[in-house]
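>
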Amino acid sequence: MSETAQPVTMETIVSLCRRRGFVFPSSEIYGGLGSTYDYGHYGVLMKNNIRSLWFRAMVQERDDIVALDSAIILNPSVWEASGHVEVFADPLVDCRTCKLRFRADKLEDGRCGRKPSKRPGETPDCDLTEARQFNLMFETHVGALRDASSIAYLRPETAQGIFVNFKNVAQLARRKPPFGIAQTGKSFRNEITPGNFLFRVLEFEHMEMEFFVPPADVTQWYEYWIEQRLAWHRGLGLRDENLRVREHSAEERSHYSSATSDIEYLYPIGWQELEGVANRGAYDLTQHTEHSGTKLEWIDPDGNRYTPYVVEPAVSIERIFVALLCDAYHEEVVSDRERVVLRLHPQVAPVKAAILPLVPRDEGMSTRARALYEELRRHYLVEHDDSGQIGRRYRRQDEIGTPWAFTIDDQTLEDETVTVRDRDSLAQERLPIGGVREWLDDALERDWVSPQSR
Ligand code: GAP
Numbered sequence: 003m004s005e006t007a008q009p010v011t012m013e014t015i016v017s018l019c020r021r022r023g024f025v026f027p028s029s030e031i032y033g034g035l036g037s038t039y040d041y042g043h044y045g046v047l048m049k050n051n052i053r054s055l056w057f058r059a060m061v062q063e064r065d066d067i068v069a070l071d072s073a074i075i076l077n078p079s080v081w082e083a084s085g086h087v088e089v090f091a092d093p094l095v096d097c098r099t100c101k102l103r104f105r106a107d108k109l110e111d112g113r114c115g116r117k118p119s120k121r122p123g124e125t126p127d128c129d130l131t132e133a134r135q136f137n138l139m140f141e142t143h144v145g146a147l148r149d150a151s152s153i154a155y156l157r158p159e160t161a162q163g164i165f166v167n168f169k170n171v172a173q174l175a176r177r178k179p180p181f182g183i184a185q186t187g188k189s190f191r192n193e194i195t196p197g198n199f200l201f202r203v204l205e206f207e208h209m210e211m212e213f214f215v216p217p218a219d220v221t222q223w224y225e226y227w228i229e230q231r232l233a234w235h236r237g238l239g240l241r242d243e244n245l246r247v248r249e250h251s252a253e254e255r256s257h258y259s260s261a262t263s264d265i266e267y268l269y270p271i272g273w274q275e276l277e278g279v280a281n282r283g284a285y286d287l288t289q290h291t292e293h294s295g296t297k298l299e300w301i302d303p304d305g306n307r308y309t310p311y312v313v314e315p316a317v318s319i320e321r322i323f324v325a326l327l328c329d330a331y332h333e334e335v336v337s338d339r340e341r342v343v344l345r346l347h348p349q350v351a352p353v354k355a356a357i358l359p360l361v362p363r364d365e366g367m368s369t370r371a372r373a374l375y376e377e378l379r380r381h382y383l384v385e386h387d388d389s390g391q392i393g394r395r396y397r398r399q400d401e402i403g404t405p406w407a408f409t410i411d412d413q414t415l416e417d418e419t420v421t422v423r424d425r426d427s428l429a430q431e432r433l434p435i436g437g438v439r440e441w442l443d444d445a446l447e448r449d450w451v452s453p454q455s456r
């Protein structure tokens, strides 16, 4: 644990996610499976929001990036050419005493199986084996035969599906370098010491973009994408003091990289990689050209041929999801009652607004609340809640991060206005019931800065 780690703990976030149905341990009734999770209703909504905000920034609002959705299981030659079969591995040690397995380069994060728990190697009783390389790719078999010839892999990154489609896209997309190909989708890694909730999981949703540039421009684009991606995370509301950029040393870089910078977030477990931006050079297109015999190069209008260099921003929805929840979580006492609130960016929040009839059994209030709900749900994810006291209904929405609540009360029956309550400031104002839709449209487009920023 870093000495500057955030006050909110991972346990608090796990407990909120479980309690409010964001995330459940996967196959829980069978005892679960380490580091795999299932997403409940609010988790799905929040993930969808993160994915579409990424897609909007990467594809919709740009002229130079196109989309792709490649297969998860590719021809195994792809992974031989990319180097993953040979070197996509972590060093592993076993402890002969507690019989557990640890990453040799992350022993400080490991926990021994004995009681009281120790860090592996901490006591003379720890009997660790020599480190050996352990490939992170999940193997499977394609077809009826299960022998060496039928081995295939679940992709550990979406990037290779992009590289092997370079020629298809370059021919049809009417783009010339610099241009990018973006895709989102599941990746799988047999992580040795998974843990820390969603931070390191066996399957995660990658959001990757490969940006193909003339070789002479690669450094400029590498710096450009670090800045762009940092600004995107800030725009989601992550606080500045919890974000930083750290450049990898030469020893730390992946086999394909000539430069990598991590955008790090101050998680409860300390500063850790949120997103990586890598200069992959011509590594991947060259490897696939050599292994497949298909030339993956660019021919400019003068007939000059070259292999574009690649800059890659790569992130998982899971790392963003955890960072957003940690950043947004806040406990406070309001009117002598404890309030747990998720101060999420409204565009990230699973539910955009709640519609609450103050007295549900009052027919006038109930009818108007229903009608407003029916109108808004055609455009936004909103909730109608008429069970329990109004204070408890507000608290339920605060805890899942709903930015606004519209309350239909006595005054609504007189003048057709409603109260809108702001989740963060708790301020209330009145507006005509007929203007709620427009008010919400505007509110969702406004810039948002976390009220927790120092
Ligand atoms: N294509 C390059 C690549 O995959 P990486 O640094 O291995 O590079 C990129 O991964 C991003 O994917 C990380 O910054 C992180 O956001 C996410 N990621 C990697 N492994 C993960 C895991 N086991 N669980 C959740 N997210 C993961």
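Sequential numbering of the sequence shown, starting at 3, is according to the working numbering.
We treat Cβ as the ideally placed atom computed from N, Cα and C, and that holds for glycine.
For clarity, every value in this text was computed on a predicted model and none was experimentally measured.
Helix, strand or coil: how does DSSP classify Cys-97 here?
Of the three classes helix, strand and coil, the one that applies to Cys-97 here is strand, per DSSP.
> Which first and last residues belong to the alpha helix (DSSP H) in which Thr-14 is found?
From DSSP, the alpha helix (DSSP H) with Thr-14 extends over 12-21.
> Can you tell me whether Pro-201 is helix, strand or coil according to DSSP?
The question names Pro, but residue 201 in the sequence shown is Phe. In this structure, Phe-201 counts as helix in the three-state DSSP scheme.
> For Ser-318, count neighbouring C-beta atoms within 10 Å of its own C-beta (all shown protein chains included) and say buried if the count is 16 or more, exposed if not.
Per the 10 Å Cβ criterion, buried.
> Is any heavy atom of the ligand GAP found at a distance shorter than 8 Å from the C-beta of His-332?
No, the beta carbon of His-332 sits no closer than 8 Å to any heavy atom of the ligand GAP.
> Answer with buried or exposed for Ala-170, where buried requires no fewer than 16 other C-beta atoms within 10 angstroms of its C-beta.
The identity of residue 170 in the sequence shown is Asn, whereas the question assumes Ala. So Asn-170 ends up on the exposed side.
> I'd like to know whether the C-beta atoms of Ala-280 and Thr-309 end up nearer to each other than 9 Å.
Taking 9 Å as the Cβ cut-off, Ala-280 and Thr-309 do not qualify as a contacting pair.
> How many Å lie between Glu-193 and Arg-321 at the Cα?
So the two alpha carbons sit approximately 15 Å from each other.
> Given the structure, does Ser-318 come close to the ligand GAP, in the sense that its CB is under 8 Å from one of the ligand's heavy atoms?
Answer for Ser-318: yes, Cβ within range of the ligand GAP.
> Decide if Asp-329 is buried, meaning its Cβ has at least 16 other Cβ atoms within 10 Å, or exposed.
The residue in question, Asp-329, is buried, as its Cβ has 16 or more Cβ neighbours within 10 Å.
> Would you say the beta carbon of Thr-186 comes nearer than 8 Å to a heavy atom of the ligand GAP?
Checking the Cβ of Thr-186 against the ligand GAP gives no.
> What is the DSSP secondary structure of Ser-189, reduced to helix, strand or coil?
Strand.
> Check whether the Cβ atoms of Ile-402 and Leu-360 lie closer than 9 Å to each other.
It is not a contact, given that the beta carbons lie outside the stated cut-off.
> Using beta-carbon positions only, say whether Pro-352 and Phe-24 come within less than 9 Å of one another.
Going by C-beta atoms, Pro-352 is nearer than 9 Å to Phe-24.
> Rounded C-beta distance between Ala-261 and Ala-161? I'm assuming under 8 Å.
That belief does not hold up - the Cβ atoms of Ala-261 and Ala-161 are roughly 16 Å apart, past 8 Å.
> Comparing alpha-carbon positions, which option in Met-211, Arg-341, Trp-406 and Glu-159 lies nearest Leu-204?
It is Glu-159.
> If you count every other CB in all the chains shown that lies within 10 Å of the CB of Val-457, and 16 or more means buried, which is it?
Since the displayed the chain opens at 3 and closes at 456, residue 457 lies outside it and no answer follows.
> Looking only at its own chain, which residues have a Cβ that is under 6 Å from the Cβ of Leu-232, when we skip the five neighbours before and after it?
Correct list, in chain order: Ile-265.
> Is the distance from the Cβ of Phe-206 to the Cβ of Ile-15 below 9 Å?
Their beta carbons are not under 9 Å apart, which means Phe-206 does not touch Ile-15 by this criterion.
> What separation, rounded to the nearest whole angstrom, lies between the Cα atoms of Leu-415 and Ile-357?
The alpha-carbon atoms of Leu-415 and Ile-357 are separated by roughly 15 Å.
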